[in-house]
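Written out as structure tokens, the structure reads:
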């Protein structure tokens, strides 16, 4: 699998070239959010706001009210947790075109509980006027800007940085509110988003080998959540549905799928994998995914539960784990 | 400007201020309560702003307040901004951002006095389905931002001012604030940022009435010396008598420096309605405790009205 180094950096610079209305606000995490080169390329459109996120939301609001398209860059936790009132009252309520580029989603960081955005999707789903996108690979990081730009109101984007795998062909960009079908089968429907897709792909190939027929959908639009192909896939699932998300199982992808099943009276069993209403702590992504049941093995066990029989798949059977050093040249710091 | 016309603006402004105060008093009596002390303290400030300081075009809104047409949403084409009461947006025109949204009643009364709202517009105040809401939101007459959650307006005004500078617009961005908002950390974040970016096109009028929900600010959480703190942040801060029309106007005529201006209007929350002093220090919201008390306010109002 190809790994792409910092796909966002050049993409965003290129994309902004002929869009003079695009301005960037950053709260002292410019290099960490991969916009240092952008700042150096367009210094007149870059505004350092210091460590003051509440005020940053207000400035973004004012700029948006005057016709600019502000892109806020900081860690996800500093977008939805610390300044939530400002985000809602100054940006979401007036439905302003502010792009909230939220880095370090879920347990992608060893920065521990203060840096891990594990309930952001739940809060953003509950926030009227908000659109939520989540990138799962380099192609999505490269194409999410066009998707976000087409949305009239605010958009919250779970962003990936550093070394990002390319799971989807460059010719197949992210499409608003449309899931990607990664494989089709009739026993179980697996729905993933963000970094859990790569993990799930490891399990689905092993499961196919053992004769379990899986439909695997990758979701990049978490709100709205009304793609008819997701509904159709769930309808045809023989044993049930499994969601796997880099987030608490309360209020995120799993809840969105549960609502869909209930709203349409589909009556399918649902297993929600993710953080089970708990905080995590500082450790490597691989360790945390294993520890908190967000990994391929947890998915295999969930499939066995739904189907009612063991597959015999062991940890060794699962595809090689992509090892990623905590300290990587591709990141500005160790977070 | 001749001496006579100068006296004229002050006469007219004083008349407007008196009418704002009396209209709010009348309304509060009719509704058995309301934000009265805010009108007492800020009537001159609003009157000077609308009659002398703000460069606004004519209102683009109907004089009779519109019905509520839904919140801002991508699928709601009917939403309209309350800022249209302040006229069109144009590069050379000013903007007014109201920060303490519970001052909405004072703003509505001002809009009536300067002819931007119909004489009987307050009959829609706090009525179901109306835009003339108790805590103004951005569909309410004269209101551009939704700032009932206090201290958020200054940051938004900063963003507007920054955007206007990027667009080379010459109009200024005026903000009305209450002193209590200087207890919020966000206010100081905004001041630091406006100073950092040298936003000289922002002018802030602060109603320094020294009152908040729990009572006197000096007992709840002191913010003084505010002018010195603002100056230490790098802003220009001027202390003035908030009931003196000339003193309120003068700072706006100072040569523009490359920093935001704060006019700290020292005001009396019982100005013009001395009955209120009995209730000190609980002045934030007036709720009559008896019919007898209400009658005393009614008599007081009628006497004011007779004096004109």
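Residue numbers (our numbering), protein chains in the order written: chain A, 1 to 335; chain B, 336 to 643.
Glycine is no exception: its CB is placed at the ideal position from the N, C-alpha and C atoms.
Beta-carbon proximity check, residue i vs residue j, cutoff 9 Å
i, j, result
"residue 260 (chain A)", "residue 230 (chain A)", "yes"
"residue 550 (chain B)", "residue 617 (chain B)", "yes"
"residue 519 (chain B)", "residue 554 (chain B)", "no"
"residue 534 (chain B)", "residue 477 (chain B)", "no"
"residue 537 (chain B)", "residue 529 (chain B)", "yes"
"residue 367 (chain A)", "residue 4 (chain A)", "Outside the displayed range of chain A (1 to 335) lies residue 367 (chain A), so it cannot be described from this structure."
"residue 243 (chain A)", "residue 273 (chain A)", "yes"
"residue 636 (chain B)", "residue 357 (chain B)", "yes"
"residue 149 (chain A)", "residue 81 (chain A)", "no"
"residue 420 (chain B)", "residue 395 (chain B)", "yes"
"residue 547 (chain B)", "residue 515 (chain B)", "yes"
"residue 335 (chain A)", "residue 75 (chain A)", "yes"
"residue 443 (chain B)", "residue 406 (chain B)", "no"
"residue 174 (chain A)", "residue 222 (chain A)", "no"
"residue 48 (chain A)", "residue 30 (chain A)", "yes"
"residue 249 (chain A)", "residue 288 (chain A)", "no"
"residue 364 (chain B)", "residue 382 (chain B)", "no"
"residue 283 (chain A)", "residue 246 (chain A)", "no"
"residue 141 (chain A)", "residue 164 (chain A)", "yes"
"residue 494 (chain B)", "residue 211 (chain A)", "no"
"residue 575 (chain B)", "residue 567 (chain B)", "no"
"residue 615 (chain B)", "residue 600 (chain B)", "no"
"residue 110 (chain A)", "residue 285 (chain A)", "yes"
"residue 598 (chain B)", "residue 375 (chain B)", "no"
"residue 573 (chain B)", "residue 562 (chain B)", "yes"
"residue 24 (chain A)", "residue 71 (chain A)", "yes"
Nearest residue (CA-CA) to residue i, options the options
i, options, result
"residue 348 (chain A)", "A:113, A:46, A:97, A:45", "Here chain A has residues from 1 to 335 only, and residue 348 (chain A) is not among them."
"residue 152 (chain A)", "A:92, A:248, A:36, A:276", "A:92"
"residue 90 (chain A)", "B:483, B:496, B:467", "B:483"
"residue 218 (chain A)", "A:145, A:135, A:250", "A:135"
"residue 105 (chain A)", "A:157, A:190, A:291", "A:157"
"residue 108 (chain A)", "A:159, A:155, A:221, A:125", "A:159"
"residue 423 (chain B)", "B:443, B:397, B:393", "B:393"
"residue 21 (chain A)", "A:64, A:103, A:239, A:191", "A:64"
"residue 622 (chain B)", "B:345, B:504, B:638, B:372", "B:372"
"residue 345 (chain B)", "B:640, B:439, B:584", "B:584"
"residue 305 (chain A)", "A:294, A:283, A:188", "A:188"
"residue 521 (chain B)", "A:72, A:16, A:84", "A:84"
"residue 177 (chain A)", "A:225, A:203, A:96, A:130", "A:225"
"residue 427 (chain B)", "B:502, B:560, B:641", "B:502"
"residue 459 (chain B)", "B:496, B:500, B:366", "B:366"
"residue 333 (chain A)", "A:161, A:318, A:186, A:139", "A:161"
"residue 378 (chain B)", "B:438, B:413, B:368", "B:438"
Buried versus exposed call for residue i [16 or more other C-beta atoms within 10 Å across all chains shown]
i, result
"residue 434 (chain B)", "buried"
"residue 308 (chain A)", "exposed"
"residue 336 (chain B)", "Caution applies to residue 336 (chain B), whose pLDDT of 47 falls short of 50 and renders its modelled position unreliable; the value that the coordinates give is listed next. Exposed, since its Cβ has fewer than 16 Cβ neighbours within 10 Å."
"residue 343 (chain B)", "exposed"
"residue 602 (chain B)", "buried"
"residue 429 (chain B)", "buried"
"residue 26 (chain A)", "buried"
"residue 541 (chain B)", "buried"
"residue 325 (chain A)", "Its pLDDT being 48, under 50, residue 325 (chain A) is placed unreliably by the model, and the measurement read from it follows with that caveat. Exposed."
"residue 184 (chain A)", "exposed"
"residue 632 (chain B)", "buried"
"residue 627 (chain B)", "exposed"
"residue 54 (chain A)", "buried"
"residue 95 (chain A)", "buried"
"residue 404 (chain B)", "exposed"
"residue 589 (chain B)", "exposed"
"residue 323 (chain A)", "Because the pLDDT at residue 323 (chain A) is just 43, under 50, the model does not fix this residue reliably, and the value given afterwards should be weighed accordingly. Exposed is the call here."
Residue i: CB within 8 Å of a non-hydrogen atom of the ligand COA
i, result
"residue 224 (chain A)", "Among the components modelled here there is no ligand, and therefore nothing to report on the ligand COA."
Chain-ordered neighbours of residue i on chain E, where CB pairs are closer than 7 Å
i, result
"residue 524 (chain B)", "In the displayed structure, chain E is absent; the protein chains listed are A and B."
- What are the start and end residues of each continuous alpha helix (DSSP H) run of 4 or more residues lying completely inside the region 466 to 549 of chain B, in chain order? For the region 466 to 549 of chain B, the continuous alpha helix (DSSP H) assignments of 4+ residues that do not extend past its boundaries occur at 487 to 501, 520 to 531, in sequence order.
- Are the region 343 to 353 of chain B and the region 373 to 388 of chain B in contact at 8 Å, needing three or more beta carbon pairs? Contact holds: three or more Cβ-Cβ distances are below 8 Å.
- Query: Just checking, does the region 264 to 281 of chain A make contact with the region 225 to 239 of chain A on the three C-beta pairs under 8 Å criterion?
  - Reply: They touch, by the three-pair rule.
- Message: Runs of 3 residues minimum, wholly inside the region 209 to 297 of chain A: which ones carry the beta strand (DSSP E) assignment?
- Response: Uninterrupted beta strand (DSSP E) stretches at least 3 residues long and entirely within the region 209 to 297 of chain A occur at 214 to 219, 221 to 223, 240 to 248, 270 to 275, given in chain order.
- Message: Quick check: the region 296 to 303 of chain A against the region 195 to 204 of chain A, are at least 3 beta-carbon pairs closer than 8 Å?
- Response: Using a Cβ-Cβ distance cut-off of 8 Å, the region 195 to 204 of chain A and the region 296 to 303 of chain A are in contact, since at least three pairs of beta carbons, one from each stretch, lie closer than that value.
- Message: Threshold first: 4 residues or longer. Then list the alpha helix (DSSP H) segments lying entirely within the region 136 to 222 of chain A, N to C.
- Response: Restricted to the region 136 to 222 of chain A, the alpha helix (DSSP H) segments that are unbroken, complete and at least 4 residues in length are 138 to 149, 196 to 209, listed in chain order.
- In chain order, each beta strand (DSSP E) run of at least 3 residues that lies wholly inside the region 400 to 452 of chain B: Counting whole runs of 3 or more residues, the region 400 to 452 of chain B contains the beta strand (DSSP E) stretches 430 to 433.
- Take every Cβ of the region 502 to 513 of chain B, pair it with every Cβ of the region 37 to 44 of chain A, and state whether three or more of those distances are shorter than 8 Å. Taking 8 Å as the limit for Cβ pairs, the verdict is that the region 37 to 44 of chain A does not touch the region 502 to 513 of chain B.
- Query: Per the contact definition of three or more C-beta pairs closer than 8 Å, is the region 113 to 122 of chain A in contact with the region 58 to 73 of chain A?
  - Reply: Short answer: they don't touch.
- Any chance you could list the beta strand (DSSP E) runs of at least 3 consecutive residues sitting entirely within the region 68 to 122 of chain A, in chain order? Positions of the beta strand (DSSP E) runs, each at least 3 residues long and wholly inside the region 68 to 122 of chain A, are given as 69 to 75, 99 to 103 in order along the chain.
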